[in-house]
Amino acid sequence: MIVTPNIKLGAYRGEKMGRIVVLDENMVNMIAAGEVIERPASVVKELVENSIDAGATKITVAVEDGGRKLISVTDNGCGMDAEDLVCAFEPHTTSKIKTSDDLRAISTLGFRGEALASIASVAQVKGASRTKDQLAGHLIEIDCGSKSEIMPMSADIGTTIAIRDIFYKLPARRKFLKSANTEMAHIVEQFTRIALANTSIELALVHNGRDVYRLTAEQGIRSRIAELFGPEIADGLLETESEEKGLHIIAYLGRPAIAATSNRLQFIFLNSRFIRDKFISHAIKEAYRGSIDPSRFPAAFLFIQMPYEDYDVNVHPTKIEVRFYNANLVHSQILACIREKLLATDLDTMATAPQVHGPGILGDTARMAVPRNRITEAMEEFFKRHRPAGQRHLDFNDARYSSLPSASLGTGDTRTSIEHRASKFMQVHDSFIVAEDDEGFVIIDQHALHERITYEYLKKRVTNNPLESQKLLVPESIQLTKAQMDILENSSGLIEKLGIELVPFGPKTMAIQAFPILLAKAEPADFLRDLIDVLAEKGATLDSDGLLDEVLHMAACKAAIKAGQKLTDGEIEQLLADKETVEHSSHCPHGRPAAIKFTLTELEKQFKRT
Ligand code: ADP
Ligand code: MG
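This is how it looks when you write it as structure tokens:
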């Protein structure tokens, strides 16, 4: 058999290379193992996938010491006879390609028939199996590539593969294994991915003899998510589906309140395989933009079906990354599908006042006796009493507010409106502003509103002239990669428009000399890094207007006051005044509501006064 191992030659470049030797087979397997078998979790993945391919409906994964000592996978699948059991551990053997038609599967599904051979080359392996046609099963043992004779043994129908002491003859690789806890965390992650993609299979994970998960089959995805992550994650998930141009998407979306600080609650499956994909992650992030803090990650479980011909799985050794031939389509369709659902739902900000069940404590007569204007009075009284103490004048010198465009957007005199509503608002939890209006009251998300105002203002300004900038007292230098320098160079027009002045300061350093006044709140170097990220991600897909818009969104978000920031009365008054002058101000730039109205009529209905 001719094997052409895929060895990286980079390390030898420029040196005299040794004589060419033909690698023995086990060495080839070990090299292949390096690609596919990174750690115990990779073994779990390969073994469980084989069990699924074998048609198992029940799979148990038992590990010891985070898989460093033992990984054993037992299934009730089709099993192997003696001959197949020997073959299974040979390199480049697979039962999954039989006809020339199946050959296509090599490129589409990535069967390579080398997982078992690779694993057996780096550990002590026992494989036991029995098919339904056999009365007894067989056992084979392999120690780092050297096989025992095949032995008969009693066994249930199905297969058990047990891996002991992974990498024990490869101290360099063994050393790279992390603590049992860390390795176990990786195993749980792999197990979780497989469990989400295969809800019809009963799955168990056991660590050091104790159950970690015991998942019931056929209960549907929501129930599986609940078993894996708890009901508080599963219950509130929004479900949506879209089918267009051969792309079928089913999404389960978390409400903003359960967004995490990492992407640990994001799972993307393509034709039932877990994948990681920058485009799709970005689409998810975009869809939630404005509704969660940009540093957080929404929970999202995405199940995508599309023709195998439309993407390439052979770009990553473990097939975890794919290349979409039409990545833009995938991106835009996922974005649209999620965004539509989120917009239609109004999320946490739905104006659902608490439901009152049964007659109120006051009884019917008392309820009816309260005339409508008394409610208005009561509200006025409430807001008066609960107004925070503090200065009443407009405080334009406050640094936190200095970037807020004040009264500069509209044509009308905003002063009037400031005076008009000066006395009826309050800030709650340093995040929301409750303000009375003619029909009832509004609850305003201070960050979302200010982001909207800032965005409109930036946009208005930048279309006419470059943004006004200010020389930095001490130019700030920033280290960049060659690729980042190129991005900046290619976007020099846009950077100029923003009012950012950059000077090369060495082959990989730029100095920021001037920075837009409106973005004074942002850290220049920090801002520039994010700007480069946006340009890198969007530069290729958007035209110059679209790109500028994207950058302005990013800038507005960074420059806007944050949730949790205490505002003075003056600042609140300014915000309310500017709200009037910005069109569509009831939504932040990305469609999330910035303000929710409660009308008196609605309140009266809720309190059963009508
Ligand atoms: P691949 O999965 O790419 O075919 P593997 O090295 O993972 O390559 O497996 C080699 C072959 O061993 C499979 O094609 C299959 O025929 C057989 N095999 C492996 N695991 C099982 C199992 N749990 N049950 C039945 N057959 C199996
Ligand atoms: Mg396999």
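Read in order, the letters of the sequence shown are residues 316 to 925 in the working numbering.
C-beta: ideal position from N, C-alpha, C; glycine also.
Could you have a look at residue i and say whether DSSP puts it in helix, strand or coil?
i      : result
Tyr483 : coil
His868 : helix
Pro571 : helix
Gln921 : helix
Tyr716 : Residue placement at Tyr716 is poorly supported in this model, since its pLDDT is 41, which falls under 50; the coordinates are not used for a value here.
Ile465 : coil
Leu764 : helix
Arg931 : Beyond the ends of the chain as shown, which are 316 and 925, falls residue 931; an answer cannot be given.
Thr691 : Confidence is the limiting factor: at Thr691 the pLDDT is only 47, short of 50, which leaves the residue's position unreliable and the question unanswerable from this model.
Glu819 : In the sequence as presented, Glu is not what sits at residue 819; that position holds Pro. Pro819: strand per DSSP, three-state reduction.
Phe618 : strand
Glu754 : coil
Asp627 : strand
Ala651 : helix
Ser444 : strand
Looking only at its own chain, which residues have a Cβ that is under 6 Å from the Cβ of residue i, when we skip the five neighbours before and after it?
i      : result
Ala575 : Phe612
Ile802 : Ile847, Leu850, Ala851
Asp893 : Ile768
Ile979 : Outside the modelled stretch of the chain, which goes from 316 to 925, sits residue 979, for which no answer is possible.
Gly725 : Note that Gly725 scores 36 on pLDDT, short of 50, meaning its location in the model is unreliable and no value can be drawn from it.
Leu454 : Ala443, Met466, Met468
Tyr528 : Leu520
Applying the 10 Å Cβ sphere with the 16-neighbour rule, what's the burial state of residue i?
i      : result
Phe491 : exposed
Arg539 : buried
Arg638 : exposed
Glu559 : exposed
Asn513 : buried
Asn780 : exposed
Ile815 : buried
Glu624 : exposed
Gly885 : buried
Ala870 : buried
Glu888 : buried
Could you give the residue range of the alpha helix (DSSP H) that holds residue i?
i      : result
Pro548 : Note on residue identity: the sequence assigns Ile, not Pro, to residue 548. Element bounds for Ile548: 546-549.
Phe594 : 593-603
His501 : 495-512
Val437 : Note, Val437: premise wrong, no alpha helix (DSSP H); not H, not E.
Lys797 : 797-805
Ser606 : Taken as a continuous stretch (DSSP letters only), Ser606 belongs to no alpha helix (DSSP H), as it is neither H nor E.
Gln889 : 884-896
Ala377 : It is not in any alpha helix (DSSP H) - Ala377 instead sits in the beta strand (DSSP E) that spans 373-379.
Lys976 : Beyond the ends of the chain as shown, which are 316 and 925, falls residue 976; an answer cannot be given.
Ser852 : Here residue 852 is Glu; the residue named in the question, Ser, does not match the sequence. Glu852 -> alpha helix (DSSP H) spans 839-853.
Leu400 : 397-403
Using a Cβ-Cβ cutoff of less than 8 Å, which residues in the same chain neighbour residue i once the five nearest sequence positions on both sides are dropped?
i      : result
Ser515 : Thr372, Ala532, Glu533
Ile827 : Leu787, Pro790, Glu791, Ser792, Ile793, Ile815, Glu816, Leu817, Pro839, Ala840, Leu843
Ile653 : Thr555, Ala566, Leu568, Ala598, Ile599, Ala602, Tyr603, Ala615
Please name the residue, chosen from the options, that lies closest to residue i on a Cα-to-Cα basis.
i      : options                        : result
Arg508 : Arg591, Glu498, Ala435, Lys441 : Arg591
Glu504 : Val359, Ile472, Leu568         : Val359
Arg767 : Lys600, Arg604, Lys484         : Arg604
Ala435 : Leu580, Phe482, Ser587, Ile595 : Phe482
Gly569 : His563, Phe589, Arg537, Glu542 : Arg537
Glu556 : Leu580, Leu915, Leu543, Phe618 : Phe618
Cys872 : Glu771, Ile911, Ala840, Ile793 : Glu771
Ile478 : Gly561, Lys441, Ala519         : Lys441
Glu601 : His631, Ala651, Glu624         : Ala651
Ala397 : Leu552, Gly452, Lys786, Ile564 : Gly452
Glu405 : Ser387, Gly381, Leu431         : Leu431
Lys881 : Phe747, Lys812, Leu915, Thr778 : Phe747
Asp752 : Val866, Leu891, Met621         : Leu891
Ala874 : Gly854, Leu511, Thr475, Ala837 : Ala837
Apart from the five residues just before and just after residue i, which ones in its own chain have a Cβ nearer than 7 Å to its Cβ?
i      : result
Thr856 : Asn643
Ala549 : Arg537, Ile540, Ala541
Ile810 : Leu803, Leu817
Given the structure, does residue i come close to the ligand HEM, in the sense that its CB is under 7 Å from one of the ligand's heavy atoms?
i      : result
Asn513 : Absence of the ligand HEM is noted for the structure shown, with the ligand ADP and the ligand MG being the only ligands found.
Need the endpoints of the beta strand (DSSP E) that residue i sits in, please.
i      : result
Ile911 : 910-914
Leu454 : 452-458
Arg588 : 588-590
His522 : 517-522
Gln581 : 581-585
Ser792 : 784-794
Ser557 : 553-559
Leu530 : 525-530
Ile827 : 824-831
Quick check: is the beta carbon of residue i nearer than 8 Å to any beta carbon in chain C?
i      : result
Ile887 : Looking at the structure shown, chain C is missing, and only one protein chain is on hand.
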